[in-house]
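Residue numbers (the working numbering), protein chains in the order written: chain A, 1 to 123; chain B, 1001 to 1226. Down below is the structure, laid out as structure tokens.
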Amino acid sequence: MHERSLVKTLIEQVLEEGRVRGLGRIHEVRLQIGEFSGVEPSLVESAFAEMASESWDTAVRLTVEVVPLTATCLTCSEAFHVESFRFVCPRCGGGNVQVTAGEELRLVSVLAERQTACEGVRP
Amino acid sequence: MSAETIPIQKDIQSQRRAEAEAWRRSLTARGILCVNMISSPGAGKTSLLQAMARHWSGRPKMAVLVGDIATDRDAQRLAPLVPVRQLTTGGACHLELPLVRNGWDQLDQDGLEFLFIENIGNLVCPASHDLGEHLRVVVLSVTEGDDKPGKYPKAFRTSQACVINKIDLLPYVPFSLSAVTEDAHLVRSDLPVMAVSALNGDGIAAWCGFLVAQRQQLLRDANLDR
Ligand SMILES: Nc1nc2c(ncn2[C@@H]2O[C@H](COP(=O)(O)OP(=O)(O)O)[C@@H](O)[C@H]2O)c(=O)[nH]1
Ligand SMILES: [Mg+2]
Ligand SMILES: [Zn+2]
């Protein structure tokens, strides 16, 4: 299981974005997890719940959107959802297919307060 | 104060991916083909590497970085044959690039043509970690069953070759080479499937020939062949 190390990376990136963009309190982190990313959303959620409290004093919610595994057939151009991880075109039966989505682990956005100038930036 | 949505749109693995890509390029520039071998525990990765080292006996020149959770037993098996470094993960179920790089720095790299990385026995997590390899090879032994490609699709989809090992045991176990090939091709239609026995040497010459051809292709693509 490597969900913990991914969540560690995720939290580091949220903290980094917060610093660079001068964000204040973070309420929510929105993440996309591809169906074929090799990452189990429920394990990410539980790891985040545990590790977020070590990084922030206030509660930070994680919202996960699972992105379906889709592909395009390079033979007949059919775009389709890859069922049961069978990478075969449902239209022509060909196997020369390219994945178009479903492998990502993307930090989409955060719900945060903008820091006002007088609050300053905490080190 | 009210909260607002701040769009970020960032791949959280982009840095790791860039690091792996940079390392792959530096290996390419030195003419070294890097092969990441993944399998479940006991499929025969170490035995296969031993058989290859015996077959090649020094030419082309290969070295091995071998991952293990706790021991250096595999490194001890390989040490009489090829330069080898043990990577001990201390419990982690897959190798990550920094550990591999660390082992690489301690390896005898002189004149190296092939670098093999034996990953931790696990068909799940190693499939999600790019170690800067040119070729990912999934090793499956006949005692594991011919239905495994569809059960571990990521391992087979992300590999560029599949080795079916222990074919000397085919008379004793219900395992069909054509069924496993068919199942693997549902996951990746162009996956080369090679059958070998690391024990008696069957198929090892063909497998080694495949690797040599892959390296020649890499050198051609990088304009390094002369
Ligand atoms: N019969 C047979 N046994 C093999 C073969 N290759 C490996 N083995 C045995 O399978 C076991 C596991 O092999 P090992 O190389 O340690 O697998 P690894 O965990 O993938 O590195 C050992 O007892 C080997 O002797 C083979 O081709 N045929
Ligand atoms: Mg081994
Ligand atoms: Zn098609």
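Even for Gly, the Cβ is constructed at its ideal location relative to N, Cα and C.
Inset, instruction - To the nearest angstrom, report how far apart residue 57 (chain A) and residue 1005 (chain B) are at their CA atoms. - result: 20 Å
Legend entry - Sequence-distant residues of the same chain with beta carbon closer than 6 Å to residue 1123 (chain B), five excluded per side: 1040, 1152 and 1155
Legend entry - Neighbouring residues, chain B, relative to residue 21 (chain A) (Cβ below 7 Å): 1006
Legend entry - Members of the region 1137-1168 of chain B near chain A, C-beta cut-off 8 Å: 1150, 1153, 1154 and 1157
Legend entry - Closer than 7 Å at the beta carbon, the chain B residues around residue 36 (chain A): 1154
Inset, instruction - Have a look at A:106, A:3 and A:12 and flag the residue whose alpha-carbon is nearest the alpha-carbon of residue 54 (chain A). - result: A:12
Legend entry - C-alpha gap between residue 98 (chain A) and residue 115 (chain A), whole angstroms: 43 Å
Inset, instruction - Taking the CB atoms as reference points, tell me whether residue 1131 (chain B) and residue 1036 (chain B) lie closer together than 7 Å. - result: yes
Inset, instruction - Check whether the Cβ of residue 48 (chain A) lies closer than 7 Å to any Cβ atom in chain C. - result: Of the protein chains in the structure, A and B, none is chain C.
Inset, instruction - Report whether the distance from the Cβ of residue 1148 (chain B) to the nearest heavy atom of ligand 5 is below 6 Å. - result: With respect to ligand 5, the structure shown offers nothing to examine, as its ligands consist of ligand 1, ligand 2 and ligand 3.
Legend entry - Own chain, CB closer than 8 Å to residue 127 (chain A), minus 5 neighbours either side, in chain order: Outside the modelled stretch of chain A, which goes from 1 to 123, sits residue 127 (chain A), for which no answer is possible.
Inset, instruction - Keeping to the same chain, check which residues put their C-beta closer than 6 Å to that of residue 37 (chain A); ignore five residues upstream and five downstream. - result: 103 and 105
Legend entry - Inside the region 76-105 of chain A only - beta strand (DSSP E) runs reaching at least 3 residues: 79-81 and 97-101
Legend entry - Per-residue burial, residue 1118 (chain B) [other beta carbons within 10 Å of its own, 16 or more giving buried]: buried
Inset, instruction - Flag residue 94 (chain A) as yes when its Cβ comes closer than 6 Å to any non-hydrogen atom of ligand 3, and as no otherwise. - result: yes
Inset, instruction - Starting from the N-terminal end, write out each residue whose C-beta falls within a distance shorter than 6 Å of any non-hydrogen atom of ligand 2. - result: B:1045, B:1046, B:1074 and B:1118
Inset, instruction - Starting from residue 1074 (chain B), follow the alpha helix (DSSP H) in both directions and report where the run begins and ends. - result: 1073-1078
Inset, instruction - Please check the pair residue 62 (chain A) and residue 81 (chain A), which I expect to be a contact at CB under 8 Å, by giving their CB distance rounded to whole angstroms. - result: Contact flag wrong, Cβ pair sits at about 25 Å.
Inset, instruction - Tell me whether residue 1154 (chain B) sits in a helix, a strand or coil according to DSSP, three-state version. - result: helix
Legend entry - Coarse secondary structure for residue 1086 (chain B), derived from DSSP in three states: strand
Inset, instruction - Determine the chain B residues that contact residue 17 (chain A) at a beta-carbon separation under 7 Å, and present them in chain order. - result: 1008
Inset, instruction - Could you name the residues that DSSP lists as bridge partners for residue 65 (chain A)? - result: A:32
Inset, instruction - Hey, could you find the ends of the alpha helix (DSSP H) residue 53 (chain A) is sitting in? - result: 41-55
Legend entry - Euclidean distance between Cα positions of residue 1238 (chain B) and residue 1215 (chain B): In the structure as shown, chain B starts at 1001 and stops at 1226, and residue 1238 (chain B) therefore has no counterpart that could be examined.
Legend entry - Residues bridged to residue 1007 (chain B) [DSSP beta-bridge criterion]: A:109
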